[in-house]
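Undergrad:
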Amino acid sequence: MRSERVTVTLPAELVAVARDAVRAGHSASLSAYVAEAVAARQTRDRSLATLADLYGGPPPPDELDAARRSLRLVPPPAPVG
C-alpha cells in the first residue's frame, strides 16, 4: 500500500500511550500505530454498517450498552471535536 505523509494533532495523552506501545514492541513505529488505529476504526465502521443493513438500522443504545457490559468492554470514547 502506498504511504502518504500527513500532519495530525493529537492529545498528548494519546501520543504518550502510542509511544509506550512502540517502546514495548507492540507496534513498529508511531506511524504504524496510528495506521493500525485508523484501520481498526474503518473495520469497526464497516462492521456497524453491515449490522445496520442486516437489522434495518443501528443497534439501539441500550442493546449496545448491554453487549459492552456482557463482553466487559470499556464504554465508547466521547466524540472528539
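Each number in our numbering comes from the position in the sequence shown (counting from 1) with 109 added on.
All residues carry an ideal CB built from backbone N, CA and C; glycine is no exception.
Helix, strand or coil: how does DSSP classify leucine 182 here?
TA: coil
Undergrad: By the three-class DSSP mapping on this structure, what secondary structure does serine 112 have?
TA: coil
Undergrad: Between the alpha carbons of serine 136 and alanine 148, how many angstroms are there, rounded?
TA: 14 Å
Undergrad: Could you please give the first and the last residue of the uninterrupted alpha helix (DSSP H) stretch that includes leucine 119?
TA: No alpha helix (DSSP H) holds leucine 119; DSSP gives it neither H nor E.
Undergrad: Is proline 167 helix, strand or coil when you go by DSSP?
TA: Looking at proline 167 - three-state DSSP - the assignment turns out to be coil, as it is neither helix nor strand.
Undergrad: In terms of alpha-carbon separation, which member of Ser138, Arg114, Glu113 and Thr116 lies closest to alanine 125?
TA: Ser138
Undergrad: Using three-state DSSP, classify serine 136 as helix, strand or coil.
TA: Serine 136 falls in the coil class under three-state DSSP.
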